[in-house]
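Chains E and V are the protein sequences, given in the same order. Residue numbers 1 to 202, in the UniProt record's numbering, belong to the letters of the first sequence in order. Residue numbers 1 to 202, in the UniProt record's numbering, belong to the letters of the second sequence in order. Ideal Cβ placement from N, Cα and C applies to all residues, glycine included. Owing to the predicted nature of the structure, the values given are computational and were not obtained by experimental measurement. Data block below; observations after.
Number of protein chains: 2
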Amino acid sequence: MPFNERRAQILDVASEFFAENGLAGQTRQLAEKCGISQRLLYRFFPTKEDLLKEVYDQEILGAFKAVWFVELQDRTRPVSERLDAFYRDYLRSTLTRKWLRLFLYASLAEAKMAPDYISAIVMQLLETVMREVAHERGVDLPEDPALLREMAWTLHGAISHYAIRRHIYQSSLSLSEDQVVSMHVRVFLAGFEDMVKMCVGR
Amino acid sequence: MPFNERRAQILDVASEFFAENGLAGQTRQLAEKCGISQRLLYRFFPTKEDLLKEVYDQEILGAFKAVWFVELQDRTRPVSERLDAFYRDYLRSTLTRKWLRLFLYASLAEAKMAPDYISAIVMQLLETVMREVAHERGVDLPEDPALLREMAWTLHGAISHYAIRRHIYQSSLSLSEDQVVSMHVRVFLAGFEDMVKMCVGR
DNA sequence: TTCACTGGTCGTCAGTTGACGAATAAATAT
DNA sequence: ATATTTATTCGTCAACTGACGACCAGTGAA
């Protein structure tokens, strides 16, 4: 099999493998799952660490779409619709079992593989959400960006935790994803003014 | 050192140790941290598996307080106050770094150590929260208990995810815990009627 | 004194694990 | 056909890991 093809195949199998077995999964088992000898892995990746890093970059960082920022700021549509659409897609394409497990394993291991990209992207998302809702409602937001983000986390975190329940704890399986997203968005929007008022008051 | 004292000390060090290093942490390192020989561990716990199980029972299951149910149902106080107080305590005494890390490591490893106790306790908490808010607001709740719980998760999950951000991802550190709890409770309560209406409608 | 019990250590075994040197097979170029 | 590169495997090393047999020291009872 040609070099690049095999390499891509290994990366693909590896992401699945390490998501399920943890970053401490054995290279011998991985090789077996790839249908190749263990030694061959080291032709493509100098060390296990390097392989893990590439898996992380491809699977974790690659899961974020730039188009979200455009869609979230499309003011021809009501913000409730935009949030609904965004979080449905986010849940389906990013907060998957594979993504969550890899991300949690990496976070627990304090593997600072690509630490700041993700937090920077999410921060952008949070601020965008706040700005768009505030604009539609004609509400003034507080200055402090940390406070602003924490407000958006009441929605973003609730949905992330829903994904964790589904994929890590194997619970919250009886309702449809879309229904749950709508519920979360609704609570957030209904409580928005109140939340901002309280935070400005401080 | 007497048997029970040493045993308790090992359990204590072990919970800290496995929380930081994962359930795959080595018995030799643990022994060193306890200041004893590795062999001695096996006087107190037949296998590593047994030690892990005891750590889990003590640290994970032991972190839930029965008094919460009483306080949450004390209708002489406004429900917003009760929720605030409960989640402050819950965050401080249960959603700690140690608890979260142990719980996540165990969940990822699919270690069904005491699977149903926790989910049963949390389900009770969720239903209690919904019942109390609905009572104070004079709102009728839907029948479906799964739907009911999912509604409470909009608050419970948001706060749990806040703890994960703090203790696992090391972010969301700039605001005080109490401030964040108040914010989440406020959004939840303000959006409550809307959320219930939407869910009954379906 | 002696005996036995308890808390404790040393050393080691068998099975893993990441890594890699060297040999082999297959394909491509000359 | 021959030379050369490329894909792949075998076998093995050194470090690690859970488990445990055997031994040792202090303490208290007979």
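{"Item": "Among the candidates S107(E), Q179(E) and A163(E), whose CA atom is the shortest distance from the CA of G201(V)?", "Value": "Q179(E)"}
{"Item": "For L125(V) and V196(V), which I take to be in contact (beta-carbon distance under 8 Å), what is that distance rounded to the nearest angstrom?", "Value": "Not really, about 18 Å apart at Cβ, beyond 8 Å."}
{"Item": "Does the pairing of the stretch 34–44 of chain E with the stretch 63–70 of chain E give three or more beta-carbon distances under 8 Å?", "Value": "no"}
{"Item": "Is there a Cβ of chain V sitting closer than 8 Å to that of Y162(E), yes or no?", "Value": "yes"}
{"Item": "Taking V180(V) as the query, report the chain E residues whose CB atoms sit under 7 Å from its CB, ordered along the chain.", "Value": "E150"}
{"Item": "Among the candidates A109(V), Q26(V) and S171(V), whose CA atom is the shortest distance from the CA of I118(E)?", "Value": "S171(V)"}
{"Item": "With respect to the alpha helix (DSSP H) encompassing S93(E), which residues constitute its N-terminal and C-terminal limits?", "Value": "V79 to S93"}
{"Item": "In or out: H135(V) buried (at least 16 other Cβ within 10 Å) or exposed?", "Value": "exposed"}
{"Item": "Applying the 10 Å Cβ sphere with the 16-neighbour rule, what's the burial state of S176(E)?", "Value": "exposed"}
{"Item": "Report yes or no: do the stretch 155–173 of chain E and the stretch 90–103 of chain E share at least 3 C-beta pairs separated by less than 8 Å?", "Value": "yes"}
{"Item": "Please go through the same chain and pick out, in chain order, the residues whose beta-carbon is closer than 7 Å to the beta-carbon of Y162(V), but skip the five residues on each side of it.", "Value": "S172 and V180"}
{"Item": "Taking the straight line between their C-alpha atoms, what separation do you get for T76(E) and K53(E)?", "Value": "41 Å"}
{"Item": "Kindly list, in the order they appear in chain V, the residues whose Cβ is closer than 8 Å to that of C199(E).", "Value": "M183"}
{"Item": "Who are the neighbours of residue 252(E) on chain V, taking C-beta pairs under 9 Å?", "Value": "In the structure as shown, chain E begins at 1 and stops at 202. Residue 252(E) is therefore absent and cannot be evaluated."}
{"Item": "Would you mind giving the Cβ-Cβ distance between A146(V) and S182(E), rounded to the nearest angstrom? I have them listed as a contact below 8 Å.", "Value": "Contact doesn't hold; Cβ gap of about 16 Å is too wide."}
{"Item": "Looking at the structure shown, is Y42(E) part of a helix, part of a strand, or coil, going by DSSP?", "Value": "helix"}
{"Item": "In the DSSP assignment, find the alpha helix (DSSP H) that holds D178(E) and state where it starts and stops.", "Value": "E177 to G201"}
{"Item": "Helix, strand or coil, according to DSSP, for F64(E) in the structure here?", "Value": "coil"}
{"Item": "Does any CB atom of chain E fall closer than 8 Å to the CB of E25(V)?", "Value": "A small fix is needed here, since residue 25(V) is Gly in this sequence, not Glu. Chain E contact via Cβ: absent."}
{"Item": "Say whether chain V places a C-beta atom closer than 8 Å to the C-beta of R39(E).", "Value": "no"}
{"Item": "In angstroms, rounded to a whole number, what distance separates the CA positions of T47(V) and A19(E)?", "Value": "27 Å"}
{"Item": "Does the beta carbon of D194(E) come closer than 8 Å to any beta carbon on chain V?", "Value": "yes"}
{"Item": "What residues of chain V sit near S174(E), judged by a beta carbon separation below 7 Å?", "Value": "A146"}
{"Item": "Please list, in chain order, the chain E residues whose beta carbon lies closer than 7 Å to that of L104(V).", "Value": "L104 and L108"}
{"Item": "Under 8 Å by Cβ, that's how I've got R88(E) and E132(E) pegged, so tell me the actual separation to the nearest angstrom.", "Value": "No, R88(E) and E132(E) are not in contact; Cβ-Cβ is about 16 Å, not under 8 Å."}
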